[in-house]
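S.K.: This note's numbering applies: residue 157 is where the sequence shown begins, and numbers increase by one.
For glycine and all other residues, C-beta sits at the position ideal for the given N, C-alpha and C.
Input: one structure, supplied below.
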Amino acid sequence: MKHVIALDVGGTGMKAALLAQDGSVLFEARRPTGREHGTDAVVAAILDFAADLADEGRTRFGCDPLAAGVAVPGTIDEKNGIAVFSANLGWRDLPLRKLLGERLGGLPVALGHDVRTGGLAEGRIGAGRGVDRFLFIALGTGIAGAIGIGGRIEAGAHGYGGEIGHVVVRPGGPLCGCGARGCLETLASASAVSRAWAGASDDPDADAAACAAAVEAGDERAEAIWRDAVEALADGIVLAQSLLDPSTVIIGGGLAEAGETLFAPLRAAVSERLTFQMPPELVPATLRDTAASLGAGLLAWDLLSTEVTA
Ligand SMILES: [Zn+2]
């Protein structure tokens, strides 16, 4: 069975799979990233995991993997295969594609950004299956995004394409980690909602899920916090709609777990704001925490089809 290695390196854990050409998962595994042991140990753990996955494929299918795809967080130079920077994992200018290629005996390796590879998988085999133009938005600790065009993700000229979390929707608003004020992620990320609800409910452990539950129970303070987040998100989506005109907006991450408690008011808020733009379909992501790993596998397959046609 022809297969590729797919690996998603997260802040604390790695998720891996062996993937068939149609995107189906032939084997899955998880391991800790081991960042408490330092950056060199993390890199060694990534290389070891990839080599073990190659062995696993040989044992199971009697043939070598055809390629490997790896998704990592932070800033990525996809073209040159460099993991430029990750605050979480501590590396700078790490030539990860080269290191993996060497460890895997010259196998072709694709390096991708975790959110963009996750978006790729959601667009191609997840919530957006069959959709040509989509926007993927992950509402987690921050807000990240990916622009899908023609079955691929647009990374931008410098690798920052799709950063909808740093669109300013409330000028002069809360200070963002990026240095600007009023960025979307300061208002509508799962963390922002958790923070606001922890303050309003006087419970430091209250999170976004608790806020959603309080909204469903009719708590007015929770409703006000939720409305602010939904309105900020709608402003960001309408801006993206005006620029990119996607047919579908796929929303994932912690806040999307609230389901219709989020999607129903969000659809209404977006449609209220549209004037001439066609409304996008707003749908929840379906691949959850396997999206980036699956997307890394798709990148590996794409690498092979590019090599064949080149
Ligand atoms: Zn920002």
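#1: When you measure from the CB of Cys219 to every non-hydrogen atom of ligand 1, does any distance come out below 7 angstroms?
#2: Give a yes or no on contact between the segment 332 to 348 and the segment 427 to 438, applying the rule of three or more CB pairs nearer than 8 angstroms.
#3: Helix, strand or coil: how does DSSP classify Val265 here?
#4: What residues does ligand 1 have around it, judged by CB closer than 5 angstroms to any heavy atom, in chain order?
#5: Do you know whose CA, among Gly286, Glu184, Ile293, lies nearest Gln397's CA?
#6: Just list the alpha helix (DSSP H) runs in the segment 273 to 347, keeping only unbroken ones of 4 residues or longer that don't cross its boundaries, in chain order.
#7: Ala366 lies in the alpha helix (DSSP H); which residues open and close that run?
#8: Go ahead and pull the three-state DSSP assignment for Leu443.
#9: Give me whichever residues DSSP pairs with Arg187 in a beta bridge.
#10: How big is the Cα-Cα spacing for Phe432 and Ala370?
#11: Alpha carbon to alpha carbon, what distance is there between Leu209 and Ile406?
#12: Where Ser242 and Pro330 are concerned, what is the direct C-alpha to C-alpha distance, given to the nearest angstrom?
#13: According to DSSP, is Phe241 part of a helix, a strand, or is it coil?
#14: Does Ala313 pass the burial test, meaning 16 or more other C-beta atoms within 10 Å, or should it be called exposed?
#15: For a minimum of 3 consecutive residues, which ranges assigned as the beta strand (DSSP E) are wholly contained in the segment 197 to 240?
M.R.: Once the coordinates are examined:
#1: Position 63 of the sequence shown, counting from 1, holds the residue named residue 219. Checking the Cβ of Cys219 against ligand 1 gives no.
#2: The answer is no - the segment 427 to 438 does not touch the segment 332 to 348, with fewer than three Cβ pairs under 8 angstroms.
#3: Taking the sequence shown and counting its residues from 1, one reaches residue 265 at position 109. Collapsing the DSSP output to three states places Val265 in a strand.
#4: Per the Cβ criterion, the list is His322, Cys332, Cys334, Ala336, Cys339.
#5: Numbered from its first residue, the sequence shown carries residue 397 at position 241. Scanning Gly286, Glu184, Ile293 for the CA closest to the CA of Gln397 turns up Ile293.
#6: Here the runs fully enclosed are 341 to 344.
#7: As a working note, residue 366 is residue 210 in the sequence shown. Run containing Ala366: 364 to 372, per the alpha helix (DSSP H) assignment.
#8: The count along the sequence shown starts at 1 and reaches residue 443 at position 287. The three-state secondary structure of Leu443, taken from DSSP, is coil.
#9: Residue mapping note: residue 187 aligns to position 31 of the sequence shown, counting from 1. In DSSP, Arg187 forms a bridge with Met170.
#10: Here residue 432 is taken as the residue at index 276 of the sequence shown, counted from 1. Here residue 370 is taken as the residue at index 214 of the sequence shown, counted from 1. Distance from the CA atom of Phe432 to the CA atom of Ala370, rounded to whole angstroms, is 35 angstroms.
#11: If you number the sequence shown from 1, residue 406 lands on position 250. If you number the sequence shown from 1, residue 209 lands on position 53. In this structure, the alpha-carbon of Ile406 lies about 30 angstroms from that of Leu209.
#12: Start at 1 with the first residue of the sequence shown, and residue 242 comes out as number 86. Start at 1 with the first residue of the sequence shown, and residue 330 comes out as number 174. Straight across, the Cα-Cα distance linking Ser242 with Pro330 is about 24 angstroms.
#13: Within the sequence shown, residue 241 is the residue found at index 85, counting from 1. Looking at Phe241 - three-state DSSP - the assignment turns out to be strand.
#14: In the sequence shown, the residue the question calls residue 313 occupies position 157. Label assigned to Ala313: exposed.
#15: The segment 197 to 240 contains these whole beta strand (DSSP E) runs: 224 to 228, 231 to 233.
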